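The structure appears right after this line, and notes come after that.
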Amino acid sequence: MLNIIWLLLLVSGIVVAALNGNIEVVTEAALQSARSAVQVCFDLIGIMALWLGIMKIAEKGGMISGLARMLRPLTIKLFPTVPPDHPAMGAIILNISANVLGLGNAATPFGMKAMQELQTLNQGHEEASRAMCTFLALNTSCITLVPATIIGVRVAFNSSNPTEIVGPCIFATAIAMTIAVSLDYWFRTKSRWGRGR
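Residue numbers (the numbering used here): 12 to 208.
Rendered as structure tokens:
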């Protein structure tokens, strides 16, 4: 569906430009956008490399396992079907840590690892387990304390105050996470759909 929407937007833009006799504007905009996209990607490489390196050092130095022990009471409540010492918990903690730092791209490999580990507990079922659904809800709505990627994009586009979005970002993601975790809990415990695995 999203592909159809993008196609309609693109085609309508070309048609309107052609009707107004400004078709060259479409070509110039496409080339300029491609150039800008590459520049933004290069600007983000440094930010991503820095935070991925910090996350790797934290993982190797035992900080993640310490954080996992500290968050164990919370993760046990959120993921009651996952054993506390299972590798899935470590991957979940890494994913949440990357999301809290606003590193969506860095969180993706940790999220995939967490899902792989959760699938080992799923006993070969193709349907997602409760823990997988909870993790997905938490992953997509996790609170972001330092939106590093967004700040990096704003710096790349020469924003006069690239960090002004930190407060609204914390507020919006905190509300999103609260709603997602609450709905997940309701569906798992109160809803008739939560009576399965």
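Beta carbons are placed, not taken as given, at the ideal position from N, Cα and C, and that holds for glycine. As the structure is a computational prediction, the values presented were derived from the model and not from experiment.
In this structure, VAL166 is the residue among PHE182, ARG199, CYS153, VAL166 with its C-alpha nearest to the C-alpha of ILE58. For PHE168, the three-state secondary structure derived from DSSP is coil. In this model, PHE146 and THR174 are separated by some 29 Å (Cα to Cα). Counted as a single uninterrupted DSSP element, the alpha helix (DSSP H) harbouring LEU13 occupies residues 13-30. Residue state for LEU112 is assigned as coil, using DSSP reduced to three classes. Look at THR174 here: in three-state DSSP terms it is coil, with no helix or strand label. Using a Cβ distance threshold of 8 Å, ALA142 and LEU132 count as a contacting pair. Less than 8 Å separates the beta-carbon of VAL93 from that of MET100. PRO179 sits exposed, since fewer than 16 C-beta atoms from the chains shown fall within 10 Å of its C-beta. Distance between THR189 and ASN33, taken at the CA atoms: about 48 Å. Judged by DSSP secondary structure, THR155 falls outside any alpha helix (DSSP H); it is assigned neither H nor E.
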